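One structure below.
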Ligand SMILES: Cc1cc2nc3c(=O)[nH]c(=O)nc-3n(C[C@H](O)[C@H](O)[C@H](O)COP(=O)(O)OP(=O)(O)OC[C@H]3O[C@@H](n4cnc5c(N)ncnc54)[C@H](O)[C@@H]3O)c2cc1C
Ligand SMILES: Nc1ncnc2c1ncn2[C@@H]1O[C@H](COP(=O)(O)O)[C@@H](O)[C@H]1O
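Protein chains in written order, with my numbering: chain A, 47 to 370; chain B, 455 to 711.
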């Protein structure tokens, strides 16, 4: 079974989700004893070939032109479709990112393929692949099979290991006919932030209504920065206008799977748990010992967050200082 | 402006999930609601209608009880509603829904199709893009702000670490997310009035579709319930001591620091 991974990139930089798709693709290709093919679309992106090869890419179909300098659903979908038609892969992998969510279903419908979105695990048994994905906000998972010859799968970020494994890294120029763009990206606004993207972060420190006010987030940010962490928020904090919507974690926000999630002044409503319940380690800081989050956290601290967070920041600084 | 909104009835987000006798998800003993993202889509459609005139039609593929969801949309201000209900849709997946919805939409006149970002039950984020592909229309997903500028649509689409401004001619398929608006709560009078309004209902045969046309691409083999998270270590007492314990534990046991 031929395996194709889509090497998502923006401005010549691949998100973590792209490395995860490459690595998972390499693992499947190994078990099928086949090559890992990679589809790379962009402008001046040949520099990524080395990194793609280091993650296991054997043959890289590169569509490199000014036309692809920014992501447009219609042009990128045309290239990916052409690559799939040429290679006839058994499986196509990419990240469940804003780009993956947008392009994968469009391409899937065009080629008549089943698509597993937001996959958290896979089992390869001979020539059959079983996909595991959450439903009902992670309250239940399903094991799913895809009936179509091409199976497309988007991977939930931070759920698949990235390993370094050298592939052949052969770069092949690839071209595809692209249509006139109807829905055109005319501007990209970047929110300057030195903090990692929520969905990719290893550590997240989140604040909720318990902070009491917008300024309360300052201490959350300070703790996050000493840890190199992202800052998240509950819906109550977002709806109060203390944080932008992009920072909301939960059912109507982002789903995250960090190694460490620190919930400060968050009660742990089901809709919040839907977004962070599969974090590897959960720490809760709350003054109410009966809050739901305290009953499911790996470590919970009962007390006033305004006393605990400054002390936490101090002690982290201290040991980080000792380390360097 | 003629706007079609595709909505799905989903389980209440608090609902606990269990299996029925046949091994499927039990949908009898749960409260069902309009998918929260679809409420934003309906609200946006009604605001556009209020501004530019026109009409709003709400379409759903669902069971008999999805009428309740459609009545809610009528109370919010939708003009027409349409339900596709057929026992042959039991195993429907997002491809199936896209086939049915595109068949319905083919017979309609519209300038804009609005959907939600995802359905919170199966959460696949596929139907809007699959539908756009079938209708050969442009798509804009994850939209948190929408404007009509000289007959074109101008949308803000959220991406990692920022946003994109996307402009498109109409018609187009747009999926919306939280942040786009605040959903209104209709008055009791509007709710009562909506209950008397008609809902057009179609079966697959009415639409000229066969079992083969709607055959799903996916098959669910098994449901797996995750182990509930267990209560962990509780720390309480002198602030500097509990923080020291926390850090020790994170460094040496969990090994995340
Ligand atoms: C359809 C739907 C979708 C939703 N989607 C989301 C979502 O995506 N994300 C989300 O988060 N919520 C979501 N919600 C809302 C959710 O139900 C809760 O209302 C919300 O998560 C509560 O936020 P919170 O924990 O910050 O606030 P609260 O529940 O008010 O909790 C505040 C906590 O802070 C503690 N506290 C107060 N002061 C202090 C102090 N000084 N020190 C320490 N602790 C303190 C309190 O003990 C309490 O536990 C959704 C709801 C619905 C209906
Ligand atoms: N059965 C359905 N009937 C009508 N619209 C649907 C249906 N399923 C999904 N949709 C629309 O597609 C959006 C995304 O759903 P999904 O792709 O299932 O996550 C929803 O928010 C609805 O707007």
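Ideal placement from N, C-alpha and C gives every residue a C-beta, glycine not left out. All of these numbers come straight from a predicted model, not from anything done at the bench.
Fill in: Closer than 8 Å to chain A by CB, residue 689(B)
yes
I want to verify the contact list: residues of chain A whose CB lies under 8 Å from the CB of residue 619(B), in sequence order.
231, 232, 233, 234 and 235
Going along chain B, which residues have a C-beta under 8 Å from residue 135(A)? Going along chain B, no residue has its Cβ under 8 Å from residue 135(A), so there is no contact; the nearest lies around 16 Å.
Output yes or no for whether 8 Å exceeds the beta carbon distance between residue 609(B) and residue 627(B).
-> no
Quiz prompt | Whether residue 296(A) touches residue 270(A) by CB criterion (8 Å) | solution = no
Check: Going by beta carbon distance, what residues of the same chain come within less than 7 Å of residue 282(A), once the five residues before and after it are set aside?
Finding: 254 and 255
Alpha carbon to alpha carbon, what distance is there between residue 511(B) and residue 246(A)? 39 Å
Can you list, in chain order, every residue whose CB sits closer than 5 Å to a heavy atom of ligand 1? 254(A), 255(A), 256(A), 280(A), 281(A), 282(A), 296(A), 297(A), 298(A), 299(A), 311(A), 312(A), 313(A), 315(A), 317(A), 318(A), 332(A), 333(A), 334(A), 337(A), 350(A), 351(A), 467(B) and 490(B)
*Are the beta-carbon atoms belonging to residue 198(A) and residue 189(A) less than 8 Å from one another?*
no
Close-in-space but distant-in-sequence residues of the same chain around residue 206(A) (CB under 6 Å, 5 per side omitted): 66 and 70
(message) So, at 7 Å on beta carbons, what are the nonlocal neighbours of residue 498(B) in its own chain, with the 5 sequence-adjacent residues on each side left out?
(response) 568, 600, 630, 634 and 635
(request) Indicate whether at least one CB of chain A lies closer than 8 Å to the CB of residue 638(B). (result) no
Check: Between residue 362(A) and residue 213(A), what straight-line distance do the alpha-carbon atoms span, to the nearest angstrom?
Finding: 40 Å
Practice task
Have a look at 502(B), 492(B), 534(B) and 468(B) and flag the residue whose alpha-carbon is nearest the alpha-carbon of residue 603(B).
Solution key: 502(B)
request  = Scan the region 258-269 of chain A for residues whose Cβ lies nearer than 8 Å to a Cβ of chain B and list them as they occur along the chain.
outcome  = none
Checklist entry - Beta carbon of residue 299(A), beta carbon of residue 257(A): below 8 Å? => result no
Q: Can you give me the Cβ contacts of residue 553(B) inside the same chain, cut-off strictly under 8 Å, excluding the 5 residues immediately before and after it?
A: 588, 663, 667 and 668
Could you spell out where the alpha helix (DSSP H) holding residue 549(B) opens and where it closes?
-> 548-560
By DSSP, does residue 352(A) sit in helix, in strand, or in coil? helix
Same chain, Cβ closer than 8 Å to residue 194(A), five either side skipped, listed in chain order: 158, 159 and 160
Mind checking whether residue 242(A) and residue 143(A) have CB atoms under 8 Å apart?
no
| Between residue 185(A) and chain B, is there a C-beta pair that is closer than 8 Å? | yes
- For residue 678(B) versus residue 277(A), is the C-beta distance shorter than 8 Å? no
Check: Closest to residue 689(B) by CA distance: which of 656(B), 698(B) and 504(B) is it?
Finding: 698(B)
So that I know if they touch, is there some Cβ in chain B lying closer than 8 Å to that of residue 457(A)? This structure cannot settle anything about residue 457(A), because the visible part of chain A is limited to 47 through 370.
8 Å Cβ cutoff met for residue 88(A) and residue 118(A)
no
- Use the C-beta contact count for residue 168(A): other C-beta atoms within 10 angstroms, 16 or more gives buried, fewer gives exposed. buried
- prompt: Mind listing which residues of the region 582-614 of chain B have their C-beta closer than 9 Å to chain A's C-betas, in chain order?
  reply: 582, 583, 584, 585, 586, 587, 588, 591, 592, 593, 594, 595, 596, 598, 607, 608, 609, 610, 611, 612, 613 and 614
Count the CB pairs spanning the region 636-646 of chain B and the region 570-585 of chain B that are closer than 8 Å, and state whether there are at least three. no
- [ ] Please list the segments of the beta strand (DSSP E) lying wholly inside the region 567-640 of chain B, counting only runs of 3 or more residues, in order along the chain.
- [x] 593-603, 606-613, 616-622 and 627-630
Only counting runs of 4 or more residues, tell me where the alpha helix (DSSP H) segments fall wholly within the region 285-349 of chain A, in order along the chain. 316-322 and 338-342
Task: Whole-angstrom distance between residue 99(A) and residue 210(A), CA atom to CA atom - done: 9 Å
Is residue 514(B) near ligand 2, in the sense that its beta carbon is under 7 Å from a heavy atom of that ligand? yes
> Fully enclosed by the region 245-270 of chain A, which beta strand (DSSP E) runs are 3 residues long or longer?
Replying inline: 249-253
**Item:** residue 249(A) beta carbon less than 8 Å from that of residue 373(A)
**Value:** Here chain A comprises residues numbered 47 to 370, so residue 373(A) is not present and cannot be evaluated.
- Query: DSSP puts residue 141(A) in a beta bridge; with which residues?
  - Reply: 201(A)
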